[in-house]
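Protein chains: 2
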Amino acid sequence: MPKSINRTYSRYTREATRLLGQMIKLKRTKRKITAKDLAERAGISRGLLQRIEKGDLKCEIGVVFELATLVDIKLFDADNSSLTGHINRTEETLALLPKHVRNTKEVDDEF
Amino acid sequence: MPKSINRTYSRYTREATRLLGQMIKLKRTKRKITAKDLAERAGISRGLLQRIEKGDLKCEIGVVFELATLVDIKLFDADNSSLTGHINRTEETLALLPKHVRNTKEVDDEF
DNA sequence: TTATTATGATTCATATACAGAGCATTAATA
DNA sequence: TATTAATGCTCTGTATATGAATCATAATAA
Numbered sequence: 000m001p002k003s004i005n006r007t008y009s010r011y012t013r014e015a016t017r018l019l020g021q022m023i024k025l026k027r028t029k030r031k032i033t034a035k036d037l038a039e040r041a042g043i044s045r046g047l048l049q050r051i052e053k054g055d056l057k058c059e060i061g062v063v064f065e066l067a068t069l070v071d072i073k074l075f076d077a078d079n080s081s082l083t084g085h086i087n088r089t090e091e092t093l094a095l096l097p098k099h100v101r102n103t104k105e106v107d108d109e110f
Numbered sequence: 000m001p002k003s004i005n006r007t008y009s010r011y012t013r014e015a016t017r018l019l020g021q022m023i024k025l026k027r028t029k030r031k032i033t034a035k036d037l038a039e040r041a042g043i044s045r046g047l048l049q050r051i052e053k054g055d056l057k058c059e060i061g062v063v064f065e066l067a068t069l070v071d072i073k074l075f076d077a078d079n080s081s082l083t084g085h086i087n088r089t090e091e092t093l094a095l096l097p098k099h100v101r102n103t104k105e106v107d108d109e110f
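Chains as they are written, first to last, in numbering that gives the first Met the number 0: chain A, 0 to 110; chain B, 0 to 110.
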């Protein structure tokens with residue numbers, strides 16, 4: 000039973016989401032694609048596209064990334080179009096680290 | 000009434016989301032922060048953190064970005080910590096473009 | 001080894017994000 | 001100018017993501 004949720008977001012989070020939405024709108028406009036058309040292409044409603052372009056924090060990340068992909072925005076600047084290499088390398092690094100993290104009870108430098 | 004939804008995602012979208020989740024887990028592990036602790040810090044449940052680290056596409060973008068921020072991942076490589084400049088510049092560019100996009104009925108180069 | 005904590009996975013109830021429709025306003029073209 | 005499509009809003013019902021609880025397993029530290 001999720002208690003009524005009221006999240007707080009850092010400024011950076013809000014700005015990053017806002018910027019991504021703006022970039023989508025910018026690219027869409029430059030390409031002369033209507034909101035209706037892009038929404039259809041992404042399989043979402045026009046209303047949702049509007050919220051995303053405004054930087055709404057509560058939208059599915061998959062949909063936002065899909066829109067970015069459709070208008071040709073490169074997330075994670077990678078030379079090639081595939082992120083598989085990145086993923087594999089991260090996976091390997093992760094495999095070398097301890098599987099569990101032990102909580103040192105001292106007040107540490109976590110944050 | 001949302002009809003039962005079944006989205007499709009491009010490979011790039013899936014990989015980008017997956018990579019971001021992995022990076023969060025990697026940074027968290029390197030810093031020896033437990034999943035429980037990071038979840039608490041972000042104001043979310045441990046289950047949700049798990050889904051995000053696995054690359055679940057249906058999580059709120061705000062929460063994912065907040066986690067990334069907490070473990071010090073830079074989205075949109077910007078020299079300074081603020082994205083305000085970026086936002087303003089995008090805003091200005093957008094202001095110069097036509098407010099409405101007109102749909103040319105020809106089959107065009109949209110995609 | 002043993003004790004204890006972290007992780008992974010599942011289930012359920014509910015808060016909420018979504019699609020769809022409608023309406024008013026704006027602005028591009030003819 | 002007039003026409004008409006695009007955009008920006010609201011609102012409502014419902015599909016679904018989330019918090020909480022639980023259990024099993026893994027793995028760290030003593």
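C-beta atoms are modelled at their ideal positions from N, C-alpha and C, and glycine is treated no differently.
According to the Cβ coordinates, are GLU14/A and LEU47/B closer than 7 Å?
No, the Cβ-Cβ distance between GLU14/A and LEU47/B is not below 7 Å.
For HIS99/A, the nearest candidate out of LYS35/B, ASN79/B and GLU90/B (CA to CA)
Closest option to HIS99/A, judged by alpha-carbon separation, among LYS35/B, ASN79/B and GLU90/B: LYS35/B.
I'd like to know if ARG45/A contacts chain B, where contact means its C-beta is closer than 7 Å to some C-beta of that chain.
With 7 Å as the cut-off, ARG45/A does not count as an interface residue toward chain B.
My parser needs the alpha helix (DSSP H) runs of 4 or more residues fully inside the stretch 6-35 of chain A; what are they?
Qualifying alpha helix (DSSP H) stretches, in chain order: 10-29.
Quick check: GLU59/B and ILE23/B, are their CB atoms within less than 7 Å of each other?
It is not a contact, given that the beta carbons lie outside the stated cut-off.
Could you tell me whether the Cβ atoms of GLY84/A and ARG6/B are closer together than 7 Å?
In this structure, GLY84/A lies away from ARG6/B, with their beta-carbon atoms at least 7 Å apart.
Could you name the residues of chain A that GLU150/B contacts, counting a contact when the two beta carbons are closer than 7 Å?
Nothing can be reported for residue 150/B: it is not among the residues displayed for chain B, which extend from 0 to 110.
Name the two residues that bound the continuous alpha helix (DSSP H) containing THR103/B.
Looking at the DSSP string, THR103/B is not in any alpha helix (DSSP H), and its letter there is neither H nor E.
Do you know how far the Cα of ASN102/A is from the Cα of GLU90/B?
Here the C-alpha atom of GLU90/B lies approximately 45 Å from the C-alpha atom of ASN102/A.
So, is ILE32/A buried or exposed, given that buried needs 16 or more other C-beta atoms within 10 angstroms?
By the 10 Å Cβ count, ILE32/A comes out buried.
Over what stretch of residues does the alpha helix (DSSP H) that includes GLU91/A continue unbroken?
That run of the alpha helix (DSSP H) goes 83-95.
Within this structure, are the beta carbons of ARG27/A and VAL62/A separated by less than 7 Å?
Not a contact, by the Cβ cut-off of 7 Å.
Based on the DSSP output, what are the partners of GLU59/B in its beta bridges?
Answer by DSSP bridge pairing, in chain order: GLU59/A.
Selection of the stretch 74-91 of chain A by Cβ proximity to chain B, strictly under 8 Å:
Hits within the stretch, in order: LEU74, PHE75, ASP76, SER80, SER81, LEU82, THR83, HIS85, ILE86, THR89 and GLU90.
Give every residue of the same chain whose Cβ lies closer than 7 Å to the Cβ of GLU65/B, excluding the five residues on either side of it in the sequence, and list them in chain order.
Listed in chain order, the non-local C-beta contacts of GLU65/B below 7 Å within the same chain comprise ALA41, local neighbours out to five positions each way being set aside.
Can you name the residues of chain A whose CB is closer than 8 Å to the CB of GLN21/B?
From the beta-carbon of GLN21/B, the residues of chain A found nearer than 8 Å are ILE86, THR89, GLU90 and LEU93.
Could you work out which residue in THR16/A, LEU93/A and ILE4/A is closest to GLY54/A when comparing CA atoms only?
With distances taken between Cα atoms, GLY54/A lies closest to THR16/A.
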